[in-house]
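Each remark here refers to the structure printed beneath this line.
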Amino acid sequence: MPVYPWPLFFFFFFVSTLISPSVFALSPQGEALLAWKNSLKGSLEVLNNWDPTDETPCRWFGVSCNFKNEVVELNLKYVDLLGNVPSNFSSLESLNRLILSGTNLTGPIPRQIGDLQELRLLDLSDNGLSGEIPGDICRLVKLEQLYLNTNRLEGEIPGEVGNLTGLVELTLYDNQLSGGIPGSIGNMKKLEVIRAGGNKNLEGPIPQEIGNCTNLVLLGLAETSISGFLPASLGNLKKLQTLAVYTALLSGQIPPELGDCTSLQNIYLYENSLTGSIPTRLGSLQNLQNLLLWQNNLVGTIPPELGNCRQLMVVDVSMNSLTGVIPESFGNLSLLQELQVSVNQISGKIPTQLGNCTGLTHIELDNNQLTGSIPAEFGNLFNLTLLFFVAKSAGG
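In this note's numbering, the protein residues as written are 139 to 534.
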């Protein structure tokens, strides 16, 4: 009797379809990405290679995978997406970098963002996002960089932000945030950058716990309603390079402990209501380049010790109530470019030693009680383009 192989062939074909997935079946991660793409309304030509017939999305524009073909990065920076932050990415369990800055996203940050437990970098900056920062974002305990700046986010900074103990950079500037800075920020001991300026309704004091963030390099809280005293604990921040809390509501004295921040390069505390004198201990800041304290309520003299800050390029203490004389030690500041002490009660003569500061381009000394004449040594200042000086009793 003849043998017919066809039943056997169909049997093996049927079994093979059960144990081997179709090469044309897109992975769940790819399906999630496609579903999100289909919700977008922007110019998506760059996403034309997001092909549903692919087995994985690993060769798609903006997508990177690991050796297991798991999506680990989605980077669509500055692509005009015009849509919402994805809320259907639960299948992207290995995603550690989500970069969607400048992509014309609107609406709220979904709570589901907290499910992406492997995230180390989340960049949603420079969009039109609104609503509050969800507390769920603070479940991302592996997060190292969080960029939410330049949106329309409102409400308070979540108190649970202190759970992000691995965070290195936190940028929240240019939003509509309100409330205070949580004291739990002191738990974030790896923080190097905090930028929350440009939030007009961000209020209350800088928490004392900020002194626990001993890796901090930049603290930016400018153009806010931050009030109260600068905490003395800032002196613990030996790596701090820039302190920018200008155009705010600070009061009280500049803490002498700032002189312990030996890495400080920039102190921007202008347009506040600071009182007391300029601490002499600032003279120990060998790396200080910019000292901007204008338009406060400072009194006392300009410390001669500032002449020890040989890297100083800009000193602006104008519009205060400072007295005494311009220190002769300023002649040591060979890199000085701008000296502005206008609108104070400075008296005495202009020190001839300023003629040693050959890099000076701006000198503003008007509206004081200075006497005498412009020193002949100013003839050495070949870069000088602006000089304001009105003597109380001019001579020469």
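Note that beta-carbon positions come from the ideal geometry of N, C-alpha and C, so glycine has one too.
Does residue i pass the burial test, meaning 16 or more other C-beta atoms within 10 Å, or should it be called exposed?
i	result
GLU466	exposed
PHE468	buried
ASN434	buried
THR362	buried
PHE205	exposed
GLY358	buried
VAL383	buried
VAL453	buried
ARG197	exposed
GLN507	exposed
GLY335	buried
TYR216	exposed
ARG258	buried
LEU524	exposed
ASN313	buried
ASN265	buried
ALA386	buried
ALA163	exposed
ASN176	exposed
ASN234	buried
ASN187	exposed
In whole angstroms, what is the alpha-carbon distance linking residue i and residue j?
i	j	result
SER232	THR352	31 Å
LEU315	LEU267	12 Å
LEU236	PHE527	55 Å
SER165	GLU270	33 Å
PRO159	ASP218	For PRO159, the predicted structure reports a pLDDT of 44, less than 50, and the residue's modelled location is therefore unreliable. A value from the coordinates is still provided. So the alpha carbons of these two residues sit roughly 35 Å apart.
ASP326	GLY304	Sequence check: residue 326 is Met here, not Asp. Going by the C-alpha atoms only, they are around 7 Å apart.
GLY397	ILE295	30 Å
ILE319	ARG333	12 Å
ASN494	LEU519	8 Å
ILE392	LEU381	12 Å
TYR408	LEU430	6 Å
LEU522	LEU498	6 Å
LEU185	ILE275	27 Å
TRP174	PRO224	6 Å
GLU341	GLY366	9 Å
GLY321	GLU395	20 Å
LEU356	ASN337	17 Å
THR418	SER263	40 Å
GLY168	ASN425	51 Å
ASN124	GLY317	Since the first and last residues shown for the chain are 139 and 534, residue 124 lies out of range.
SER228	ASN289	25 Å
GLY390	VAL210	49 Å
GLU307	ASN207	29 Å
THR496	GLU256	54 Å
GLY462	LEU477	16 Å
LEU302	GLN346	19 Å
ASN226	ILE247	12 Å
ALA170	LEU281	22 Å
GLU443	ASN458	19 Å
Who does residue i pair with in a DSSP beta bridge?
i	result
TYR406	ALA382 and LEU430
LEU267	GLY245
SER389	SER411
GLN283	LEU259 and GLU307
LEU171	In the DSSP output, where bridge partners are listed per residue, LEU171 has none listed.
SER365	LEU387
ASP454	LEU430 and GLN478
ASN222	THR244
ILE332	LEU308 and LEU357
GLN507	SER485
SER316	GLU294 and ASN339
THR461	THR439
ILE237	ASN213 and ASP261
PHE526	GLU502
When you compare the CB of residue i with every CB in chain C, is at least one pair closer than 9 Å?
i	result
ILE251	Within the model displayed, chain C is absent; a lone protein chain is all it includes.
Return the Cβ separation of residue i and residue j in integer angstroms, given the expectation that the two are a contact with Cβ distance under 8 Å.
i	j	result
THR439	LEU460	7 Å
SER401	GLN379	5 Å
VAL331	THR309	7 Å
VAL437	SER415	6 Å
GLU502	SER456	7 Å
ALA370	TYR406	Not quite, the Cβ-Cβ distance comes to about 19 Å (not below 8 Å), so this is no contact.
ARG448	ASN482	Actually they do not touch by this definition, with Cβ atoms about 24 Å apart.
ASN446	SER480	Not quite, the Cβ-Cβ distance comes to about 24 Å (not below 8 Å), so this is no contact.
GLU298	GLY324	Contact flag wrong, Cβ pair sits at about 14 Å.
LEU214	LYS179	About 14 Å; that fails the 8 Å criterion.
LEU388	LEU354	Between LEU354 and LEU388 the Cβ distance is about 18 Å, and since that is not below 8 Å, they are no contact.
TYR285	SER239	7 Å
Taking 8 Å as the line, does the beta carbon of residue i fall inside it for any heavy atom of the ligand MN?
i	result
SER365	You won't find the ligand MN in this model; it holds no ligand whatsoever.
Is it the case that the region 508-516 contacts the region 483-498, given that we only count it when at least three CB pairs across the two stretches are under 8 Å? Contact between the region 483-498 and the region 508-516 is present, because at least three Cβ pairs lie under 8 Å.
With contact counted as at least three CB pairs below 8 Å, one residue from each stretch, are the region 192-209 and the region 247-259 in contact? The answer is no - the region 247-259 does not touch the region 192-209, with fewer than three Cβ pairs under 8 Å.
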